[in-house]
Amino acid sequence: MSKVINVQSASSLLLIIDLQIKLAPSISGFDSILESVLKLAKVSDILKIPALITEQYIIGLGQTSAAIKHALPDASYFHKTYFSACAEPGFLEHIKSYGKKQIIVVGTEAHVCVLQTCLDLIQNGFEVILVHDAVGSRNPQHKNLAVEQLRQAGAVISCAEIVIFQWTKKAATPTFKKILPIIK
Numbered sequence: 002m003s004k005v006i007n008v009q010s011a012s013s014l015l016l017i018i019d020l021q022i023k024l025a026p027s028i029s030g031f032d033s034i035l036e037s038v039l040k041l042a043k044v045s046d047i048l049k050i051p052a053l054i055t056e057q058y059i060i061g062l063g064q065t066s067a068a069i070k071h072a073l074p075d076a077s078y079f080h081k082t083y084f085s086a087c088a089e090p091g092f093l094e095h096i097k098s099y100g101k102k103q104i105i106v107v108g109t110e111a112h113v114c115v116l117q118t119c120l121d122l123i124q125n126g127f128e129v130i131l132v133h134d135a136v137g138s139r140n141p142q143h144k145n146l147a148v149e150q151l152r153q154a155g156a157v158i159s160c161a162e163i164v165i166f167q168w169t170k171k172a173a174t175p176t177f178k179k180i181l182p183i184i185k
């Protein structure tokens, strides 16, 4: 029997992996992925859930999408060249400094940086929640294989709206009224 993971806003860190401008045109379904990421970003900002953004080899892939930067003005950034962010010196210490056990993961490419980072996070004792509609690869089949591998490794496979509603917990609150337009 697998372990039940109930996503909690107080336990969550939003990890955005390599959603960079020069890679975006190559990613299958990028506009839809970006839409899901922006929903999560806006809600995480309202709920004061911290966000960490990785950027892979900025010289080659450019910076993070401007829309994400705008939605998360208080996000931290971590530059990397390893495919797994966890292999980068200082990354694990940085992520542990948030004191969050649940890592909500979005980004690209699902079968490279997302996969390797998530596997390493799981090995380091984190609960990984992979947001299926907010990850992508150039080849959709590669994304599917990465998602299946992560499921087998113990990641929870979810979607943006499930995570948002788990974070929010209750309707008819002032906070939910702020979130409602984002998910409509």
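Here the working numbering runs 1 ahead of the position in the sequence shown, where the first position is 1. Yeah, the Cβ is synthetic: ideal placement off N, Cα and C, and Gly gets one too.
Compute the Euclidean distance between the alpha carbons of residue i and residue j, then round it to the nearest angstrom.
| i | j | result |
| --- | --- | --- |
| Lys164 | Val44 | Contrary to the premise, residue 164 reads as Val rather than Lys in this sequence. Cα-Cα distance, rounded: 10 Å. |
| Gly30 | Thr65 | 17 Å |
| Gly100 | Ala42 | 19 Å |
| Ile69 | Val5 | 30 Å |
| Leu93 | Leu24 | 25 Å |
| Lys185 | Ser13 | 23 Å |
| Glu56 | Asp19 | 5 Å |
| His80 | Ile60 | 11 Å |
Taking Cβ to Cβ, would you say residue i is nearer than 7 Å to residue j?
| i | j | result |
| --- | --- | --- |
| His133 | Ile96 | no |
| Ile104 | Val129 | yes |
| Ser138 | Glu110 | yes |
| Gly108 | Ile17 | yes |
| Leu62 | Ser10 | no |
| Ile123 | Gly91 | no |
| Ile8 | Gln153 | For the record, residue 8 in the displayed sequence is Val; it is not Ile. No, the pair does not count as a contact, with Cβ atoms beyond the cut-off. |
What does DSSP give as the partner residues of residue i in its beta bridges?
| i | result |
| --- | --- |
| His80 | Glu56 |
| Gly137 | Thr109 |
| Val244 | Since the first residue shown for the chain is 2 and the last is 185, residue 244 is missing from the structure and cannot be characterised. |
| Val157 | Ile130 |
Which of the three DSSP states, helix, strand or coil, is assigned to residue i?
| i | result |
| --- | --- |
| Ile184 | helix |
| Glu162 | helix |
| Leu122 | helix |
| Ile96 | helix |
| Gln21 | strand |
| Thr169 | helix |
| Gln9 | coil |
| Leu16 | strand |
| Thr176 | helix |
| Ala42 | helix |
Hey, is residue i's beta-carbon within less than 7 Å of any beta-carbon in chain D?
| i | result |
| --- | --- |
| Lys185 | No chain D appears in this structure, which consists of one protein chain only. |
Worksheet item: So, do the stretch 44–53 and the stretch 64–78 have three or more beta carbon pairs nearer to each other than 8 Å?
Response: Yes: at least three Cβ pairs fall under 8 Å.
Worksheet entry | Three or more C-beta pairs below 8 Å linking the stretch 167–177 and the stretch 146–155 | Fewer than three Cβ pairs drawn from the stretch 167–177 and the stretch 146–155 lie within less than 8 Å of each other, which leaves the two stretches out of contact.
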